[in-house]
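These protein sequence lines are chains S and W, in that order.
No gaps in the numbering here: position 163 of the first sequence is 163 in the numbering used here, and each next residue is one more.
Count along the second sequence from 1, add 187, and you get the number used in the numbering used here.
Every residue, glycine too, gets a C-beta built ideally from N, C-alpha and C.
One structure is given below, encoded as C-alpha cells.
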Amino acid sequence: MYSCSDLRKGLKILLDGEPHVIAGFDFTKPGKGQALYKCKLRNMVTGSLFDRTYRSGESFEPASLEERSMQYLYKDESGYVFMDQKNYEQTILDENVLGDDKYFLIDNMDVEVLMFGERGIGITLPNFVNLRVTISDPWVKGDTAAGNSKPATVETGYTLSVPPFVEEGTLIQIDTRTGEYSTRVKE
Amino acid sequence: MDNLLTHKQEILKLRARIVQAIRAFFVAADFLEVETPQRIPTNAPEVQIIPQESGDWQLQTSPELAMKRLLAAGYSRIFQISHCWRKEERGSRHLPEFTLLEWYRAHCDYTRLMIDCEDLLRSVLPAQQFTYQEHSIDLKQPFERLSVDQAFSLYTDTTPRQAIADDRFDELIALTIEPRLGLQRPTILYDYPLELGALARNKPGQPYLAERFELYVAGLELANAFSELTDPQEQRQRFALDAKIIYTQSARPANFPEPFLKDLAQMPASAGIALGIDRLIMLLTNSSRIDQVVAFTPADL
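So, in C-alpha cells, the structure goes:
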C-alpha cells in the first residue's frame, strides 16, 4: 500500500478497480491546517483525466501493470489482435484504448503491450514507423501561398503535414511520439 | 558556466534587495532585529506541523516561542528573519526549509498588524502595483478585510462551524476560498474559529472566534497573525489537547516548552505575525514555483 507521502507524478494506483496514473501532483497546506495532496489522475483504461485531492492518512493500492512483448497481427470486428511471442496467447485491444496509436500499427510489428491483469490497456510503439503516402495534392512550383508544408494521408488513414516534395506513393518515416513527419525513406 | 543557478541570478539579486528593504522598514519603525536559536529542545505541540528532529532536540518550526519570551522580558517591538523547518512539506509553494519573517508588537492587538502588512508591502514595492501571473495587484487602496464567516458565505455552501464538523474546513479554505482571495488587492482574512488558533487570543465577546488573520495576495497565502494568548493555564490546556491528538495519530510524544509557559505569565497583551519570505519573493518576481526563488532546493543538494 502507498500512503500520501508516496504520491508523486507517474505513480500508478488502483482506484475503483481500474489503474490510474498520477499525471500531475502538488502538495498544499493552509496555514496551521492539514496537508492536502492535489492529484491530476488519468484513468489508464479510458484515458479520462480528472482532479482529486487526498488528505494525510489515506492509503492507496498500487496498480500492478506489466509490459509484454507482442506482435501485432491484424484488425477484425473484435478489435486489434496482438500475440504474445513467448506463449502465442492472443490479446485484443479496443480501438478507444489505442487512440492515435492505431494509425501507426503495421502487420507483424513488434510492440510492448501494457497489461493490467489479463487486459491490454495500451501499447508502446517503436519510435519511428514507415508508412506510404496514399493521398496528397501535387506541389505546384512557385505556389508560395501553400507555405512549406501540405497535408498528406498515409495508408492507415492518418493525416499529417509533410514537406511539399513528398508525393503520393512515397514511403515516409513518422515519429510515433509526436505523430509528425520525420523523413523520406529511400527505397 | 551555464546552469540553473546562473539563470537564477536575477531573481536572487532581487530577493536580496527585497530582504534589505524589509530590514530597512522595520529598523525605521523602531523594531529591534533579534536572533534566537534555531535548534531548540521542543517546538509548541501542534497537530498539523511536524518538526524536524536534530539529535534529541528539534529545529524550529517557527521562532515564536523564543520571541514571545523576549516580549515577556520587556522587548516591545522585535523582528527576525530566520530559517524554519517543517517535515514532509514539499510542493509548488512549500519547502521543508524555508525563510520566515516574524514580528511582534507589545501593547496592541492583531488589527495593528493589519496596518503593518499594508505599510510593509507598500514600503518594499514603491511602485505600489505589480502583476503576479495574470493578476494585477494594486497596493494603493486599503487591503480588503474579509471575515472567515463572510468568505464562507461568499464562496461556499456551508459555514465555518459546519465545515469543521464535517472535517472540510482546511479543504474549503485551501481549494475553494484561497484561489479567490487578493486578486486585485491584498485580502486580510480574519476571525478564525477558535479551534484554528492554537496560540491566539479569544475575540472578546465572541467565544467561538480567535483573533487571527491571514494575508492573501493573488491567491497566495503570505502571512498568519494572532493577538497572542497570554494565559499560561489556557495555553497549557490547548497544548495538552494537541499533544493528545499527536500521540494518538502518530505515537509521537510531545514535550511542552516549559520555559515558554513560565514566561508567558509575564507577557503583555501582544500581537505577532509570521510572513513567508519565499512566497513574498515569488509574488514580487512573478515566479510560479517556490523553487525559482531559492538558490537550492533539497533535490539540488
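Any idea if residue i is buried or exposed, counting beta-carbon neighbours within 10 angstroms, 16 or more meaning buried?
i: arginine 273(W); result: buried
i: proline 138(S); result: exposed
i: arginine 292(W); result: buried
i: phenylalanine 330(W); result: buried
i: threonine 318(W); result: exposed
i: tyrosine 434(W); result: exposed
i: valine 335(W); result: buried
i: histidine 194(W); result: exposed
i: alanine 314(W); result: exposed
i: proline 347(W); result: buried
i: phenylalanine 212(W); result: buried
i: proline 19(S); result: buried
i: glutamine 393(W); result: exposed
Going by C-alpha distance, which of the options is nearest residue i?
i: proline 250(W); options: Ala486(W), Lys327(W), Gly459(W), Lys200(W); result: Gly459(W)
i: serine 323(W); options: Gly406(W), Val221(W), Lys200(W); result: Gly406(W)
i: threonine 345(W); options: Gln328(W), Ile364(W), Met454(W); result: Ile364(W)
i: phenylalanine 266(W); options: Arg210(W), Asp306(W), Tyr319(W), Leu341(W); result: Arg210(W)
i: proline 163(S); options: Arg184(S), Pro62(S), Cys4(S), Asp175(S); result: Arg184(S)
i: aspartate 76(S); options: Ile174(S), Glu95(S), Ala63(S); result: Glu95(S)
i: valine 221(W); options: Ile268(W), Arg367(W), Arg332(W); result: Ile268(W)
i: phenylalanine 128(S); options: Thr91(S), Tyr181(S), Leu49(S); result: Tyr181(S)
i: leucine 368(W); options: Asp217(W), Arg332(W), Ala427(W), Ala216(W); result: Arg332(W)
i: aspartate 6(S); options: Gln196(W), Ser310(W), Glu275(W), Phe447(W); result: Glu275(W)
i: valine 404(W); options: Lys431(W), Asp418(W), Gln436(W), Leu370(W); result: Leu370(W)
i: glycine 10(S); options: Asp16(S), Cys4(S), Phe25(S); result: Phe25(S)
Short of 6 Å in beta carbon distance, which residues of its chain neighbour residue i, apart from the five on each side in sequence? Order them along the chain.
i: aspartate 478(W); result: Thr484
i: leucine 105(S); result: Tyr72
i: proline 238(W); result: Asn230, Gln245, Thr248
i: aspartate 450(W); result: Arg256, Ala259
i: serine 263(W); result: Ala293
i: glutamate 66(S); result: Met115
i: leucine 359(W); result: Thr343, Ala350
i: isoleucine 123(S); result: Asp101, Val111, Val113
i: phenylalanine 443(W); result: Phe426
i: alanine 208(W); result: Val311
Could you check whether residue j and residue i sit closer than 8 Å to each other, using their CB atoms as the reference points?
i: alanine 23(S); j: arginine 55(S); result: no
i: leucine 287(W); j: cysteine 304(W); result: no
i: alanine 441(W); j: proline 232(W); result: yes
i: leucine 282(W); j: aspartate 465(W); result: yes
i: alanine 385(W); j: lysine 32(S); result: yes
i: threonine 53(S); j: glycine 278(W); result: no
i: tyrosine 74(S); j: valine 81(S); result: yes
i: isoleucine 174(S); j: valine 166(S); result: no
i: serine 474(W); j: isoleucine 205(W); result: no
i: threonine 176(S); j: proline 126(S); result: yes
i: arginine 42(S); j: valine 21(S); result: yes
i: glycine 120(S); j: threonine 91(S); result: yes
i: lysine 40(S); j: leucine 49(S); result: yes
i: leucine 448(W); j: leucine 312(W); result: no
i: threonine 316(W); j: aspartate 306(W); result: In the sequence as presented, threonine is not what sits at residue 316(W); that position holds glutamine. Taking 8 Å as the Cβ cut-off, glutamine 316(W) and aspartate 306(W) do not qualify as a contacting pair.
Note down, in chain order, each residue of its chain lying with its Cβ closer than 8 Å to the Cβ of residue i, except the 5 sequence neighbours on either side.
i: glycine 157(S); result: Tyr103
i: threonine 159(S); result: Pro151, Ala152, Thr153
i: aspartate 487(W); result: Leu191
i: alanine 461(W); result: Ser249, Glu251, Leu287, Leu288, Glu289, Ala410, Asn411, Ala412
i: arginine 425(W); result: Ala385, Leu386, Leu416
i: glutamine 328(W); result: Arg372
i: aspartate 107(S); result: Tyr72, Leu73, Tyr74
i: glutamate 187(S); result: Leu171
Give every residue of the same chain whose Cβ lies closer than 7 Å to the Cβ of residue i, excluding the five residues on either side of it in the sequence, and list them in chain order.
i: phenylalanine 400(W); result: Tyr297, Met301, Ile375, Leu376, Tyr377, Ala412
i: leucine 381(W); result: Asn389, Tyr395, Leu396, Ala397
i: glutamate 155(S); result: Leu131, Arg132, Thr134
i: aspartate 110(S); result: Ser69, Gln71
i: phenylalanine 60(S); result: Met1, Tyr2, Ile13
i: glycine 179(S); result: Asp100, Leu160
i: arginine 299(W); result: Arg292, Ala458
What does residue i touch in chain S if you count any residue whose Cβ is under 8 Å from its own?
i: arginine 277(W); result: Phe27
i: glutamine 235(W); result: Lys29, Lys32, Gly33, Gln34, Ala35
i: glutamate 365(W); result: Pro30
i: histidine 281(W); result: Phe27, Thr28, Lys29
i: glutamate 408(W); result: Pro30, Gly31
Residue i touches chain W at which residues, Cβ-Cβ below 9 Å?
i: leucine 49(S); result: Neighbours of leucine 49(S) on chain W: none; closest Cβ ~18 Å, over 9 Å.
i: serine 5(S); result: Glu275
i: threonine 53(S); result: Glu358, Ala361, Leu362
At 7 Å on the CB atoms, spell out the chain W contacts of residue i, in chain order.
i: leucine 41(S); result: The premise fails here: leucine 41(S) is roughly 16 Å from chain W at the closest Cβ pair, so nothing lies under 7 Å.
Counting only Cβ pairs nearer than 8 Å, list the residues of chain W close to residue i.
i: leucine 36(S); result: Asp357, Glu358, Ala361, Leu362
i: lysine 9(S); result: Under the 8 Å cutoff, chain W gives no residues; its nearest Cβ is about 12 Å from lysine 9(S).
If the cut is a Cβ gap below 9 Å, which residues of chain S does residue i touch?
i: alanine 385(W); result: Lys32
i: asparagine 411(W); result: Gly31, Lys32
Residues of chain S with CB under 7 Å from residue i, in chain order?
i: glutamate 401(W); result: Gly31
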